[in-house]
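Just remember that the numbering used here sits 4 ahead of the position in the sequence shown, which is counted from 1.
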Amino acid sequence: MSTLSRRQFLQRGGGLIGGAAAFAALSPAARMALAEPAPSGSRLNDIEHVVIFMQENRSFDHYFGTLSGVIGFDDPNVPRDPNTGRSAFEQFDPFAPDGAGGILLPWRLGVRSSSAQNLTDVDHSWQTQHSSVANGANNNFVFSHIPVDVGSAAIGSHPDAVRNGGARVMSYFTRDDLPFHYGLADAFTICDRYFCSVIGPTNPNRLYLMSATIDPEGTHGGPDVANLRDGFTWTTYPERLQAAGVDWYLYRERDDFGDNMLDKFVAYQDERSELFRRGRSTIPDGQLPAQLRRDVESGNLAQVSWICGPQWTTEHAAELPAGGALYTQQILEALTSNPAVWRKTLLILTYDENGGFFDHVPPPMAPPGTQGEYLSDLALVTRPEATGLAGPIGLGPRVPTLLISPFTRGGYVCSETFDHTSILRFLETRFGVEVPNLTAWRRQTCGDLTGALNLAGGVNLSIPQLPDTAPLLQEAHAQSGLPAPQVPIEQIMPRQESGTRRRPSGLV
């Protein structure tokens, strides 16, 4: 895990005004603009700027299983084993606490009593992820991680390495642990059937975000199922946007945690090209939020923007969720710094994959033989890292996803089925630029995110009350020195917060 010195923390967060104060600290003119009455209804074309911020390696249940009004731990439709009657929440674990009958339930981490903020990473490879999901049964998360995670299985310095190797995948946070994330969910729209695109690690999923494929036939430099490949020659979506005259840009510093997939495409290698300038140029270290703010304030925000943050902000275990909260707050501050731009902007916050962490909802999966949804025989021969497993490629487990905008203000939940290609489909619907490489099965299975908007309500410019993120990050660094979280001896099935959530109107 990377750590921040006090000086680095002050440099990165010193200009940050957290929570409600961040939105309140606007000029009188800006506040007047936000207070202007909005029309009673809006059109999709009223959204002129889409900003896409993809974080790392957390599942929906891991973050939001206890949130009210979503498909979480109280789900009555949880899949059950037809032979044992056990639900997916009851995972087989040969190292479960005595008296548990070999069953491990989801268990709370608790950042105030442990070093859960820097929870050790778990395996999330192509092979282990497929084993965990178990063709949609979702009943092998713990057992599939025991053989691969034993070597680095201890949570912090916990001595019971074997037991915790698989147990970590069943851990979860609550509102008390993630107050900023839960605050965003209460203020905007959360999607509780948004699945990652690939049953596998980071790069394949991020390739889907940028191009809707991993080249399963192996004819254009792919596939990549293990974060190993580059030299790709298939068409990306930014190329389509550029050809159509839609302005786009990718924000990143030198440290982007290797998350910019455009680095891996042949078309982006010429430093003199417009593709390189828009997709691969770097912002000085620590200046990404400030550059974003300058672009917003000057009216130069692109129609479509992607953001790849530095490693400490990604929330990838063992990076701190609080670091991601602070960075997200900085991005929000930048976007809201110009009310004339904010009232036309949609920020999509999502996560590339579940990182190996448990989720109980079975992902839709393409039937065997579905064109473009399984690796070809050629790909299996040339990609030993696939371990002979052709697929399905996806969909993978659910990941947290929030649509943050004046068009989603109100604490909604959308339960339509989405994946990362849904973001591209949204851009296709809004700007009329067709998504390349998208399979017929995925286009039919996944929506285009327009159903997560609340356009019937018009532009809601009210200011959300969000927790301060700078103190949260300070607390998280202090909590990193606490004892490691331990699987409880007495297991209790977690419950969700009470309450319901409204459904957004979608298009009108």
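Idealized CB from N, CA, C, for every residue including glycine.
Q: Starting from leucine 351, follow the alpha helix (DSSP H) in both directions and report where the run begins and ends.
A: Segment 349-355 is the beta strand (DSSP E) holding leucine 351; no alpha helix (DSSP H) there.
Q) At which residues does the alpha helix (DSSP H) containing histidine 185 begin and terminate? A) Start and end: 183-191.
(Q) Considering just the uninterrupted stretch of the alpha helix (DSSP H) at phenylalanine 57, what are its terminal residues? (A) First-last for phenylalanine 57: 53-59, but that is the beta strand (DSSP E), not the alpha helix (DSSP H).
Q: Could you pull out every residue in the same chain whose Cβ sits closer than 8 angstroms to the Cβ of aspartate 259, ignoring the five residues on either side in sequence?
A: Same-chain partners within the cutoff: Asp289, Pro314, Gln315.
Q | beta strand (DSSP E) segment containing tyrosine 241, residue limits | A | First-last for tyrosine 241: 241-247, but that is the alpha helix (DSSP H), not the beta strand (DSSP E).
**Q.** the region 97-105 in contact with the region 113-121 per 3-pair CB rule at 8 angstroms
**A.** With the cut-off at 8 angstroms, the region 97-105 and the region 113-121 do not touch.
Q.
Please state the DSSP three-state secondary structure of isoleucine 467.
A. Coil.
**Q.** Bridge partner(s) assigned by DSSP for isoleucine 194
**A.** Leu406, Val417.
Q) Do you know how far the Cα of proline 489 is from the Cα of alanine 322? A) One C-alpha to the other measures close to 13 angstroms.
Q: Could you check the C-alpha separation between alanine 92 and proline 242 for me, to the nearest Å?
A: Straight-line Cα distance between these residues: approximately 39 angstroms.
Q: May I have the straight-line CA-CA distance separating leucine 336 from glycine 373, to the nearest angstrom?
A: Near 43 angstroms, if we compare the C-alpha coordinates of glycine 373 and leucine 336.
Q. Any idea what DSSP makes of asparagine 458, helix, strand or coil?
A. Shown here, asparagine 458 sits in a strand according to DSSP, grouped into three states.
Q: Since I believe threonine 425 is in contact with arginine 446 (beta carbons under 8 angstroms), could you give me their beta-carbon distance rounded to a whole number of angstroms?
A: The pair is a contact, with the Cβ atoms about 6 angstroms apart (cut-off 8 angstroms).
Q. Who are the near neighbours of serine 309 in its chain, counting only those whose CB is closer than 6 angstroms to its CB and skipping five residues on each side?
A. Only Val55, Tyr253 meet the Cβ criterion.
Q | Cβ pair count under 8 angstroms reaching 3, the region 79-87 against the region 415-425 | A | The region 79-87 vs the region 415-425: no contact.
**Q.** Which of helix, strand or coil DSSP assigns to glycine 327
**A.** Residue state, collapsed to three classes: helix.
Q: Would you list, in sequence order, the uninterrupted beta strand (DSSP E) runs of no fewer than 3 residues that lie entirely inside the region 99-148?
A: You should have found no qualifying run.
Q) Just checking my contact of serine 148 with serine 136 at CB under 8 angstroms: how many whole Å lie between their CB atoms? A) Yes, they are in contact, since the Cβ atoms of serine 148 and serine 136 sit about 5 angstroms apart, within 8 angstroms.
Q | Assigned exposure category for valine 385 - 16 Cβ within 10 Å defines buried | A | With fewer than 16 Cβ atoms within 10 Å of its Cβ, valine 385 is classed as exposed.
Q.
Please report the straight-line C-alpha distance between serine 341 and valine 126, rounded to a whole angstrom.
A. Looking at the backbone, the Cα of serine 341 and that of valine 126 are separated by about 38 angstroms.
(Q) Give me, in chain order, the residues of the same chain whose beta-carbon lies closer than 8 angstroms to that of glycine 432; leave out the 5 immediate sequence neighbours on both sides. (A) It is glutamate, not glycine, that sits at residue 432 in the sequence shown. Taking C-beta separations shorter than 8 angstroms and ignoring five residues to either side along the sequence, the partners of glutamate 432 in its chain run Glu438, Val439, Asp452, following chain order.
Q: Go through its chain and collect everything with a Cβ distance to glycine 360's Cβ below 6 angstroms, but skip five positions before and after it.
A: Non-local beta-carbon contacts of glycine 360 in its own chain, meaning distances under 6 angstroms to residues more than five positions away in sequence, involve Val126, Asp127, His128, Val173 in chain order.
Q. Okay, do the region 192-200 and the region 65-80 touch, 3+ Cβ pairs below 8 angstroms being the bar?
A. As far as the Cβ criterion goes, the region 192-200 touches the region 65-80, which means the pair count is three or higher.
Q) aspartate 356 and methionine 58: beta carbons closer than 8 angstroms? A) Result yes, Cβ atoms of aspartate 356 and methionine 58 sit closer than 8 angstroms.
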